[in-house]
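Count along the sequence shown starting at 1, add 394, and that's the number in the numbering used here.
No residue lacks a Cβ here, since even glycine has one placed at the ideal position from N, Cα and C.
Data first, discussion second: the structure below is written as structure tokens.
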Amino acid sequence: MTKTTPRNYWRDDRCAKAFWSQHELPAYQQLLTDTTAWLDPEPGGRWLDLGCGAGRLCRALWTKSGGQLAELVGLDVAALNAKSFEKLGQSLSPPPLERLRFETVDFSVGLPWTGENLFNGAVSGLAIQYAESFSEAEQRWTCDAYDGLLREVHRVLKPGTRFVFSVNVPEPSWGRVGWNAMSGFWSAKRKLRFLGKLHGMWRYGGWLKREARKGRFHYLPAETITSKLTAAGFTDIEHRLSFANQAFLFRATKR
Ligand SMILES: C[S@@+](CC[C@H](N)C(=O)[O-])C[C@H]1O[C@@H](n2cnc3c(N)ncnc32)[C@H](O)[C@@H]1O
395 MTKTTPRNYW
405 RDDRCAKAFW
415 SQHELPAYQQ
425 LLTDTTAWLD
435 PEPGGRWLDL
445 GCGAGRLCRA
455 LWTKSGGQLA
465 ELVGLDVAAL
475 NAKSFEKLGQ
485 SLSPPPLERL
495 RFETVDFSVG
505 LPWTGENLFN
515 GAVSGLAIQY
525 AESFSEAEQR
535 WTCDAYDGLL
545 REVHRVLKPG
555 TRFVFSVNVP
565 EPSWGRVGWN
575 AMSGFWSAKR
585 KLRFLGKLHG
595 MWRYGGWLKR
605 EARKGRFHYL
615 PAETITSKLT
625 AAGFTDIEHR
635 LSFANQAFLF
645 RATKR
């Protein structure tokens, strides 16, 4: 990337913290339930969570496996999430100890493993769409990092295992997500705090949408995502809507 590349707020603590609260939104709870329903963590398996944030999907994986995973790795560009993972480890039952791990990784430049066929599953929630790559030669944002990341996930998965992930629909309506959240507002104990959190996500959401319009981030039609997954080597690709219809949930298999 060039020195003129505009700021990426995902690397800022304030942005990371703003999205820690998204689990309070009914739309996010719907997405979490839908994603968890498509996860099949077998005892002894090794799993990966890309753009893990505070680790909500890691919690879901650990719980659904009955605490029997051999390894659970959360990756995120925001180093601040390491603290959340410490708390997460202490709150899970049975305690995962060293089986749960956080790594600060920018997945735009690839995954930190050289081998292949390493994991029994990979999950990602509203994150891989932020893989970014800028072509200095063409002076424009490209899909190279996004496409490369799909190939990387395919490489590290074992044959017969799945990648389950969500991404926002083109031109996502944060207003719809916010409106959907108002049911949470009436039941929230600290209403001002609830509105403040909603505002934080709304503000960063506006920035994300503007950057996506420039081609920096990738809110793509489902058909385009299916083609990219196929090009990366995945088969048996399915998707459905979730997150107040503002996200696609995908699952795809490495044959
Ligand atoms: C909307 S949040 C979702 C967090 C989490 N997956 C969840 O479901 O709660 C998107 C996450 O993607 C991470 N992210 C954005 N760009 C990234 C990159 N290039 N490499 C790794 N993580 C990234 C952000 O830091 C953030 O934690």
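Suppose you measure from the CA of residue i to the CA of residue j; what does that come to, to the nearest Å?
i	j	result
M395	R634	Low confidence applies to M395: its pLDDT is 47, below 50, so where it sits in the model is not reliable, and the reading given next is rough at best. Spanning the two alpha carbons is a distance of roughly 34 Å.
K648	G554	5 Å
L469	A582	31 Å
W404	L433	26 Å
G504	W580	43 Å
G447	A473	9 Å
G438	S415	31 Å
Q423	T508	35 Å
G594	E418	13 Å
P435	V467	13 Å
Y659	C452	Shown here, the chain extends from 395 to 649; a query on residue 659 therefore has no answer.
K591	P566	19 Å
F557	A638	22 Å
C537	F501	13 Å
P506	N574	38 Å
L426	F644	13 Å
S560	K622	14 Å
L444	V499	9 Å
L494	R549	22 Å
Compute the minimum distance between the beta carbon of residue i and the heavy atoms of ligand 1, and state whether it is under 7 Å.
i	result
C452	no
Check whether the Cβ of residue i lies closer than 7 Å to any heavy atom of ligand 3, and answer yes or no.
i	result
F637	Only ligand 1 can be found as ligands here, which leaves ligand 3 out of the picture.
- Message: Using 8 Å as the cut-off, can you tell me whether the stretch 545-559 makes contact with the stretch 625-638, which would need three or more C-beta pairs spanning the two stretches below that distance?
- Response: yes
- How about the stretch 506-520 and the stretch 591-599: do they share at least three Cβ pairs that are nearer than 8 Å? no
- Query: Is there contact between the stretch 522-536 and the stretch 447-459, where contact requires at least three CB pairs shorter than 8 Å?
  - Reply: no
- Message: As a quick check of your reading: which residues have a C-beta less than 5 Å from at least one non-hydrogen atom of ligand 1, in chain order?
- Response: W404, F413, G445, G447, R450, D470, V471, A472, D500, F501, S502, G519, L520, A521, Y524
- Message: Report the start-end ranges of each alpha helix (DSSP H) in the stretch 474-549 that is 4 residues or longer and not cut off at the edges.
- Response: 475-485
- Query: Whole alpha helix (DSSP H) runs in the stretch 596-627 with 4 or more residues, listed along the chain?
  - Reply: 616-626
- Taking three-plus beta-carbon pairs below 8 Å as touching, is the stretch 515-529 in contact with the stretch 482-496? no
- Task: Identify every run of the alpha helix (DSSP H) within the stretch 566-590, keeping only runs that are complete inside it and at least 4 residues long; order them along the chain.
- Result: 568-581
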